[in-house]
Amino acid sequence: MMMMSISPSFFGFNTAQRALMASQAGLNIVNHNISNANTDGYTRQRLDLSSSATLSPPISQGKIAFQLGQGVDITGVTRTRDSFLDNQYQQELGTQGELTKGNEIFTQLESVVGEPSSTGLANSVQQLFASVSDMRNNPQSLPARTAFIQKMVDLTQVIQNQGKQLIDLHKNLVGTAGDATSFPTSQLGIAITDFNSKLASIADYNKQINTITSSGATPNDLLDKRNQLVEQLSTLADIDVTPLNGEQIQISLGGRALVRGPEVLDTLSLTANTGINANPVPALVSTTTGGVNITNAIKGGTVKGILDLAGNNTAIETVYGVYSKLSAMFESLTSQFNTVQQAGRDLTGTQHPLTDTTYGELFNTDSTYSGSGPKLLYLKVNPNFKQNPDKISLAANDTTIVPSGFAGVGDSRNAKAMADIQTTAFVALNNSTPETFHQSLVARLGTDSRSYQDRLDSQKTVITSLEGRRQSVSGVNLDEESINLLKYQRSFEAASRMVKAFNEIYQSILNMV
Amino acid sequence: MNIGRLSTSFALQQAQGWLQSNQNKLNTLQEKTSTGRNVNRPSDDPLALANLLNVNRGISSNDQYLKNIDVGLSELQSTDSAVGQVVDIINRATELATQGANVTTGADGMTSISKEIDLLTNQLVQLGNSSVSGVHLFAGVKTDTAPFVRTGDVVTYSGSLSTEAYQRNIDIDNTTSVTLNTPGDRLFGTTTSGLIKVMIDLKNNLAAGSTTNTRARLDELKTQLESTLSIQSEVGANINRLTLTKDRTNSSQDSFAQLYAGIQNVDMAKTITDLRFQEQIQQTSLSVLGRVLPKSLMDFI
């Protein structure tokens with residue numbers, strides 16, 4: 021009944037053609053969505069349709085005038101994205117990155133410290149003092165003295181082995197503080213390089229997005245990719261993202277703009293830190309704004325996790341912190357043993373004052389020691405005692421015995437003084453004994469590590485729930501796409517039928533002539 | 015989590031997360047059962063770890079104290095037996111002196127008694143030089159040399175004197191030291207004082223045939239016996255003390271061991287039950303996932 025003498029020729033074909041195009045576009049979008057169902061950062065796209073403008077002027081038939089629809093128009097392809105959720109998610113990523121890295125380093129730290137164990141440092145210290153007690157029981161016995169020397173060597177090996185592992189770990193994290201060439205290969209260096217290259221990519225995407233938006237189109241897939249980069253960047257450091265006009269963004273860190281639209285304003289770099297002992301972690305420096313140290317402006321992300329655990333955070337046990345504490349413990353222990361050795365008399369009644377370069381010290385400091393900083397790796401058992409264990413001073417220097425000052429080989433008063441080191445509280449060790457100092461170090465390490473684990477667990481829950489909500493908006497559901505597929509397939513078929521129907525109609529009109 | 019629309023890949027991601035968390039729990043339980051230890055690293059239980067290190071230190075010190083006590087007991091027992099022999103010698107000397115002081119004995123008898131006293135004196139010197147694995151028991155701190163040398167009627171003592179402040183000590187707990195040795199001059203004396211002087215005088219008196227002087231020596235022997243017996247009881251008291259300390263340390267060691275086990279040893283029954291339970295969860299979740307995940311609309315159209 022739609023035979024209208026005044027409707028344009030082939031009007032029906034045009035409408036059906038638009039319907040075919042719309043269905044085809046729909047099918048293509050379903051295809052795109054299904055293809056990217058597993059692509060990270062992909063946002064589900066949706067076809068926006070609206071009915072076409074009506075034919076103008078209205079068609080009139082006798083007294084009746086009516087409007088005739090012209091079918092469907094494609095108005096756009098939209099990314100289904102909730103930018104509020106995106107922001108929230110992106111902000112949580114910094115904490116996630118920091119805790120993940122921190123947790124990873126804590127695991128390594130715990131395995132270096134290696135307690136509880138029957139072969140660890142605590143055990144070595146106990147064994148050393150047990151051997152001192154054996155010497156006290158029988159100061160005359162050379163085997164007891166030799167055993168003591170062996171225990172000193174054992175302890176030195178165990179504690180220095182831990183020290184070396186900690187230094188290696190520290191190097192792996194941040195490089196050597198005074199040596200800039202070691203930075204690029206460290207974890208921190210790699211993270212910084214990664215950070216800078218992502219800044220450049222984001223600026224690049226900004227440029228491309230700008231080109232497309234100024235031509236009036238929506239660069240959905242580019243936005244997805246840039247968004248993914250922003251998220252990766254947030255995991256590295258707690259950046260702030262500010263939207264600018266024309267789908268552009270600004271990235272800043274600690275209040276300093278790094279990328280604005282298509283421009284990279286600033287990048288990060290590492291410079292050698294001069295205060296090697298006070299602050300052993302290389303400083304993070306922002307390059308173009310005149311080398312300002314922004315270490316403390318970074319409040320989250322992998323970079324913060326590395327810096328904190330390497331030694332920047334004094335509120336927790338860190339790699340460098342544990343290293344310097346082990347060193348303090350070993351230094352206190354060894355220097356006290358040396359002091360006692362110098363005070364007593366050996367098996368032959370001879371005294372070995374500090375000036376005695378052969379037997380004046382049980383533990384020597386290596387000549388390569390610079391004079392400052394942790395001494396841990398520079399202390400070694402005086403090798404002269406291995407051959408002459410009789411030179412260990414176990415007897416007291418007894419001034420009441422004139423002139424020798426030596427009571428006899430059975431005198432073990434100085435051995436008692438050595439045994440008492442076990443229960444001596446050292447000022448350098450916060451007024452605790454070497455063993456309780458180590459014990460509280462290990463316990464604190466456990467507490468800190470546990471707290472990171474727990475925080476990471478709860479952070480993961482936050483992230484998962486945000487991700488769930490986000491995916492609920494943006495993620496592809498294959499069943500939904502299957503339904504869309506059916507929908508557009510059917511509408512395509514129907515539109516094709518329309519073409520066929522109009523063809524037949526026009527055919528019959530032509531046949532009338 | 016009710017979030018309305020669910021994306022397919024997120025559903026899979028979550029399923030993976032659940033499986034992983036189940037596997038982690040299984041792994042932790044497995045570590046516990048296979049190591050038998052509750053605390054395998056500091057973060058497992060920081061508080062328990064601190065206790066554990068404390069207990070370990072206690073156990074290790076106790077081990078050493080027990081070792082020290084055994085060293086002490088062995089020396090004190092050797093000393094005890096030597097002192098016992100000294101008492102025997104004094105008793106025998108007293109017997110002989112009583113015989114010698116008797117007027118009916120006669121000059122010949124006194125001479126032979128004098129010879130026996132001489133032999134007993136030699137025995138005393140030998141006892142004074144007794145050593146256990148190279149350590150001379152009665153030399154004070156000069157343990158490397160034999161303290162007594164007899165040349166004729168002169169007996170010199172070269173060990174450290176009982177008047178000196180320091181003797182040989184061992185540590186039997188964190189605050190207590192016990193003196194092990196009895197100085198030789200106190201137990202045996204020398205030519206100028208003490209038991210050896212009495213013996214040498216007695217020998218000479220008998221050789222000279224003086225019953226009066228011999229009788230005077232009898233009184234001195236009695237005094238020596240008393241002081242030796244008092245040394246013997248001191249040694250006995252020290253042995254007692256060490257034995258008691260050993261018992262006490264052993265029982266403290268037992269309670270340490272219990273404490274250690276309480277903290278560190280895994281309650282197997284509970285852990286294995288947990289493990290079974292976790293296994294069950296793991297299997298159920300696997301089979302549920304296996305049923306739910308492959309379902310897709312594609313199967314039906």
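These protein sequence lines are chains A and B, in that order.
21 is the number of the first residue of the first sequence in the working numbering; add one for each residue after it.
15 is the number of the first residue of the second sequence in the working numbering; add one for each residue after it.
Here a beta-carbon is modelled for each residue, glycine too, at the ideal position from N, C-alpha and C.
Please decide whether residue i counts as near chain B, where near means a Cβ-Cβ distance under 8 Å.
i: A:Ala514; result: no
i: A:Ile296; result: Note on A:Ile296: pLDDT 41, under 50, position unreliable in the model; the coordinate value appears next. Answer no: the Cβ-Cβ gap between A:Ile296 and chain B never drops below 8 Å.
i: A:Arg517; result: no
i: A:Gly495; result: yes
i: A:Gln146; result: yes
i: A:Thr484; result: yes
i: A:Val339; result: no
i: A:Gly430; result: yes
i: A:Gln509; result: no
i: A:Asn240; result: no
If you draw a straight line from the alpha carbon of residue i to that of residue j, how long is it in whole angstroms?
i: B:Ala283; j: A:Gln185; result: 38 Å
i: A:Ser387; j: A:Thr378; result: 15 Å
i: B:Ile245; j: B:Thr204; result: 17 Å
i: B:Pro308; j: A:Asp468; result: 43 Å
i: A:Leu219; j: B:Leu40; result: 42 Å
i: A:Gly488; j: B:Gln34; result: 17 Å
i: B:Pro197; j: B:Leu175; result: 6 Å
i: A:Asn297; j: A:Ala330; result: Because the pLDDT of A:Asn297 is 43, which lies under 50, any placement of that residue in the model is unreliable, and the question is left without a value.
i: A:Pro403; j: A:Thr385; result: 12 Å
i: B:Ser265; j: A:Asp440; result: 25 Å
i: B:Gln30; j: A:Asp258; result: 28 Å
i: B:Leu141; j: A:Pro373; result: 39 Å
i: A:Thr444; j: A:Gln356; result: 9 Å
i: B:Ala64; j: A:Val301; result: 30 Å
i: B:Thr157; j: B:Gln181; result: 11 Å
i: A:Leu476; j: B:Leu43; result: 21 Å
i: A:Thr308; j: A:Asp102; result: 35 Å
i: A:Met438; j: B:Thr165; result: 41 Å
Sort out for me which residues DSSP pairs residue i with in a bridge.
i: B:Ala230; result: B:Ala230 is not bridged to any residue.
i: B:Ser145; result: B:His150
i: A:Ile94; result: A:Leu69
i: A:Val422; result: BP columns for A:Val422 are empty, so no partner.
i: A:Ser289; result: A:Val305
i: A:Gln81; result: A:Ile84
i: A:Leu399; result: A:Thr385
Flag this pair as yes or no: are the beta carbons of residue i and residue j separated by less than 8 Å?
i: A:Ile318; j: A:Gly274; result: yes
i: A:Phe215; j: A:Leu253; result: yes
i: B:Asn68; j: A:Gln459; result: yes
i: B:Leu134; j: B:Ile253; result: no
i: A:Gly183; j: A:Tyr389; result: no
i: A:Phe446; j: A:Leu399; result: no
i: A:Ala45; j: A:Leu67; result: yes
i: A:Ser494; j: A:Thr98; result: no
i: B:Ser301; j: A:Asn58; result: no
i: A:Leu264; j: A:Gly281; result: yes
i: A:Ala36; j: A:Phe522; result: yes
i: A:Val261; j: A:Glu455; result: no
i: B:Val149; j: A:Gln160; result: yes
i: B:Lys46; j: B:Asn38; result: no
i: B:Leu256; j: B:Val101; result: no
Compare the C-beta of residue i with all C-beta atoms of chain E and state if any pair is closer than 8 Å.
i: B:Ser266; result: Included in the structure are the protein chains A and B, with no chain E among them.
So that I know if they touch, is there some Cβ in chain A lying closer than 8 Å to that of residue i?
i: B:Thr257; result: no
i: B:Met282; result: no
i: B:Val163; result: no
i: B:Gln78; result: yes
i: B:Asp158; result: yes
i: B:Ser92; result: no
i: B:Thr135; result: no
Q: Please determine if the region 171-186 of chain A and the region 145-152 of chain A are in contact, where contact requires at least 3 C-beta pairs separated by less than 8 Å.
A: yes
Q.
Taking contact to mean 3 or more Cβ pairs, one atom from each stretch, closer than 8 Å, check whether the region 339-352 of chain A and the region 175-193 of chain A are in contact.
A. yes
**Q.** At least three beta-carbon pairs within less than 8 Å, the region 129-147 of chain A to the region 271-291 of chain A
**A.** no
Q) For the 8 Å Cβ check, are there 3 or more pairs between the region 515-528 of chain A and the region 63-81 of chain A? A) no
Q.
Can you confirm whether the region 208-228 of chain B touches the region 120-129 of chain B when touching is taken to mean that 3 or more C-beta pairs between the two stretches lie within less than 8 Å?
A. yes
Q | Segment contact flag, the region 230-244 of chain B with the region 204-213 of chain B, C-beta cutoff 8 Å, min 3 pairs | A | yes
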